[in-house]
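**Student:** Sequence order for the protein chains is A and B.
Quick note: the first sequence uses the numbering used here, first residue 1, plus one each step.
Quick note: the second sequence uses the numbering used here, first residue 394, plus one each step.
Okay, handing you the structure first.
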Amino acid sequence: MKDSKSRLEGKIAKHIATLPRSGIRDFFELVNAMDDDVISLGIGEPDFATPWHIRESAIYSIERGHTSYTSNLGLLSLRKEIARYLAQDYGIEYNPVNECIITVGVSEALDILIRAITEPGDEIIYHEPCYVSYAAEIVMAGGVPVAVNTREENNFALDPEDFRKAITSKTKAILLNFPCNPTGASLSMEQKKQIADIAIEHDLIVISDEIYSELTYNERTPTIASLPGMKERTVFLHGFSKAFAMTGFRLGYACGPAELIEAMMKIHQYSMLCASIIAQEAGEEALKNGMREMLKMKAEYQERRNVITKRLNEMGLKCVTPSGAFYAFPNITSTGLSSKDFATRLLCEGKVAVVPGTAFGKCGEGYVRCAYAASMSDIYTAMDRIEKFLLTI
Amino acid sequence: MRKNILRLLGENARISFREIAERLNISENEAMEIVGEMEGEGIIKGYKVIIDEKAVADNVVRAIIQVKVRPEREGGFNNIAKRLSRFPEVSSLYLVSGGYDLQLEVQGETLHEVATFVSSKLATIDGVISTATHFLLKKYKESGRILHDEDEYERLKITP
């Protein structure tokens, strides 16, 4: 038994065998073993069901028998709708015919883009703490992930100078994710301009994962893709999961220079074929008629953010006010505990699940992620429990 | 700010001033003041509870009644509508467009009580041309709240 196990393990590709599994996974198993009384602030997806009119349009697709493959790039009608939406709300124009590809979630868009541009040894710069997939995606594509830390004193925005210092002759691209999971940080216009200038100076590709962009609580600055000289080197990644509460539909997209979209399309064509037509038709409905519901959800998130940051700060867990997404990233060093110990003890003793900051990169030590995509009553109860827990340590 | 507070009260009239304040980033006193102002100005007319009447022992019978009326030369529908609204049996009353003029919601303890109200009080009023009574059989949604049970759906407890 043991022999056959190690024999099979020996057959697993080395770069996968040595790839650590996500820190979230370990914590997930711990939480799952707990009883039901735990309140989870560990969920990185909207607690709302998809708005009914979108669900209803998916049902209608099935009723009409729209159950086939679509073009590899995705339904042209959806790509046109995306182009219209981006032109109107983001001030950037893409040709829906050859500058847009529909993917299975923004995760797939990121994966095929990184695979399309990465040659062995190519370096891709990204910022930490960040979404758990970035470094792994780069490694799986044969590239070298180069992490740049973001810091609390900058409200977790990427300091353009830190980015510049990380560039080497092997750097191929920089990957940005603002508003950021897990910090809720955004970039100012000035920071975007400086990052854009550095990218142009070093001829780098810019990957901008803007999955949380609708959930920006202050005024939203234009996407970095819209700055002068940037459209031709930027791939804008987006999707429907967060703003329209459509995580289970698995629907995302990439917009960018036609050559890159064509390269991504080849990988997509041979691996995924296309995103589900049912999801695509639902996505069209979301963009056409979903703005009101989306703004309602956004207003609710914003109010939860106000509550959670106020309460965390009041109880002595210093917390930068997140400007986007639905995560608060409080500093827990005042407790003297490590992120992992804090999260584990809070789970077992305080019955609240948060994710240790270290799941999002080494520099997440000293922080935990509290997702406020939970009902207001759960947030209140969770805050009361955390406050009580703090008195016991 | 008023609009935001009204939205929150519309969703849950029992929300605390503290929660209103924390959600909207204002002080508790400000929240109290603004609500007080709106009560004073008659923008907030009252606070209502949504009840699952099945669960309450007392029987309640409700009906929607469509009423056609003859408008008056002076005052149009107003006088008759005001008059009807004084009956305690009438829980709501609207002037509507379409095939009839006034829509009333009437409630009583028994079918008979409601029917008697319609035939003896409502239909006999000068200016009422006709009535059509629709007894409510089951409530699925009221004041934006879905009242039928939906299965609980459990999400993963931790996701990236």
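For glycine and all other residues, C-beta sits at the position ideal for the given N, C-alpha and C.
Predicted, not measured: the structure shown is a model, and the values here were computed from it.
1. Buried or exposed: proline 179(A), going by 16 or more other Cβ atoms within 10 Å of its Cβ?
2. For aspartate 209(A), which of helix, strand or coil comes out of DSSP?
3. Quick test of your reading: phenylalanine 156(A) and valine 320(A), contact by CB under 8 angstroms. State the CB separation rounded to the nearest angstrom.
4. Report the neighbours of glycine 184(A) on chain B: residues whose CB is nearer than 8 angstroms to its CB, in chain order.
5. Could you give the uninterrupted runs of the beta strand (DSSP E) lying entirely in the stretch 434 to 473 of chain B, keeping only those of 3 residues or more?
6. Within the 8 angstroms Cβ cut-off, does proline 481(B) reach chain A?
7. Give the list of continuous beta strand (DSSP E) stretches no shorter than 3 residues that lie fully inside the stretch 228 to 253 of chain A.
8. Are there 16 or more other CB atoms within 10 angstroms of the CB of serine 61(A), so buried, or fewer, so exposed?
9. Using a C-beta cutoff of 8 angstroms, does phenylalanine 28(A) count as contacting chain B?
10. At a CB distance below 9 angstroms, what residues from the stretch 216 to 240 of chain A approach chain B? Give them in sequence order.
11. Given a cut-off of 8 angstroms, decide if alanine 353(A) and serine 417(A) are closer than it, judged by their beta-carbon atoms.
12. Along the alpha helix (DSSP H) that carries valine 507(B), what are the first and last residues, could you check?
13. So is asparagine 340(A) in contact with chain B if we call contact Cβ pairs under 8 angstroms?
14. Give me the Cβ distance between glutamate 152(A) and asparagine 331(A), rounded to the nearest whole Å; I'm assuming they're in contact under 8 angstroms.
15. Between isoleucine 551(B) and chain A, is the shortest Cβ-Cβ distance under 8 angstroms, so that the two count as touching?
16. Taking one C-beta from the stretch 127 to 136 of chain A and one from the stretch 266 to 280 of chain A each time, how about it: are there three or more such pairs within less than 8 angstroms?
17. According to DSSP, what are the bridge partners of arginine 487(B)?
18. Since I believe phenylalanine 342(A) is in contact with alanine 371(A) (beta carbons under 8 angstroms), could you give me their beta-carbon distance rounded to a whole number of angstroms?
19. Quick check: is the beta carbon of alanine 407(B) nearer than 8 angstroms to any beta carbon in chain A?
20. Where does alanine 371(A) sit, in a helix, a strand or coil, going by DSSP?
21. Rounded to the nearest angstrom, what separates isoleucine 92(A) and glycine 336(A) at their Cα positions?
22. Spell out whether any CB of chain B is found under 8 angstroms from the CB atom of valine 307(A).
23. Using the three-state DSSP reduction, which class does glycine 501(B) fall into: helix, strand or coil?
24. Using beta-carbon positions only, say whether arginine 369(A) and proline 145(A) come within less than 8 angstroms of one another.
25. For tyrosine 126(A), report the span of its beta strand (DSSP E) as first-last.
26. Quick check on the DSSP output: what are the complete alpha helix (DSSP H) runs of length 4 or more inside the stretch 304 to 371 of chain A, in order along the chain?
27. Using a Cβ cut-off of 8 angstroms, pull out every chain B residue sitting near alanine 382(A), in sequence order please.
28. By Cβ distance, which residues of its chain are closer than 8 angstroms to arginine 345(A), with the 5 residues on each side in sequence left out?
29. Can you tell which of Leu495(B), Lys550(B) and Glu482(B) has its C-alpha closest to the C-alpha of alanine 508(B)?
30. By DSSP, does phenylalanine 27(A) sit in helix, in strand, or in coil?
31. Measuring CA to CA, which of Ala456(B), Leu401(B) and Glu426(B) is closest to glutamate 502(B)?
32. Could you give the uninterrupted runs of the alpha helix (DSSP H) lying entirely in the stretch 73 to 104 of chain A, keeping only those of 4 residues or more?
33. Return helix, strand or coil for leucine 175(A), following the three-state DSSP convention.
34. Does asparagine 418(B) come within less than 8 angstroms of chain A when only Cβ atoms are used?
35. Taking C-beta to C-beta, are aspartate 209(A) and valine 106(A) nearer than 8 angstroms?
36. If the cut-off is 8 angstroms on Cβ atoms, which residues from the stretch 342 to 356 of chain A count as contacting chain B, listed in chain order?
**Tutor:** According to the structure shown:
1. buried
2. strand
3. 7 angstroms
4. Here the premise fails: no neighbours, minimum Cβ distance about 15 angstroms.
5. 454 to 462
6. no
7. 234 to 239, all fully within the stretch 228 to 253 of chain A.
8. buried
9. yes
10. none
11. Only positions 1 to 393 of chain A appear in this structure, which leaves residue 417(A) out of reach.
12. 504 to 509
13. Checking the sequence, you will find lysine at residue 340(A) rather than asparagine. No, because no Cβ of chain B sits closer than 8 angstroms to the Cβ of lysine 340(A).
14. That belief holds up - the Cβ atoms of glutamate 152(A) and asparagine 331(A) are roughly 6 angstroms apart, short of 8 angstroms.
15. Chain A, which has a Cβ nearer than 8 angstroms to the Cβ of isoleucine 551(B), makes this yes.
16. no
17. Note on identity: in this sequence residue 487(B) is tyrosine, with arginine being the wrong assignment. Gln496(B), per the DSSP bridge assignment.
18. Going by Cβ atoms, the distance from alanine 371(A) to phenylalanine 342(A) rounds to 16 angstroms, so no, they are not a contact pair.
19. As written in the sequence, residue 407(B) is arginine, which differs from the alanine given in the question. So, not an interface residue.
20. strand
21. Within the model, the alpha-carbon separation for isoleucine 92(A) versus glycine 336(A) is close to 47 angstroms.
22. True, the Cβ-Cβ gap to chain B drops below 8 angstroms.
23. strand
24. Going by C-beta atoms, arginine 369(A) is not nearer than 8 angstroms to proline 145(A).
25. 123 to 128
26. Taken in chain order, the unbroken stretches of alpha helix (DSSP H) that lie wholly in the stretch 304 to 371 of chain A and span 4 residues or more are 339 to 345.
27. The contacting residues do not exist; alanine 382(A) stays about 13 angstroms from chain B at best.
28. Leu337, Phe389 and Ile393
29. Glu482(B)
30. helix
31. Ala456(B)
32. 76 to 89
33. strand
34. yes
35. Contact: yes.
36. Correct list: Ala353 and Val355.
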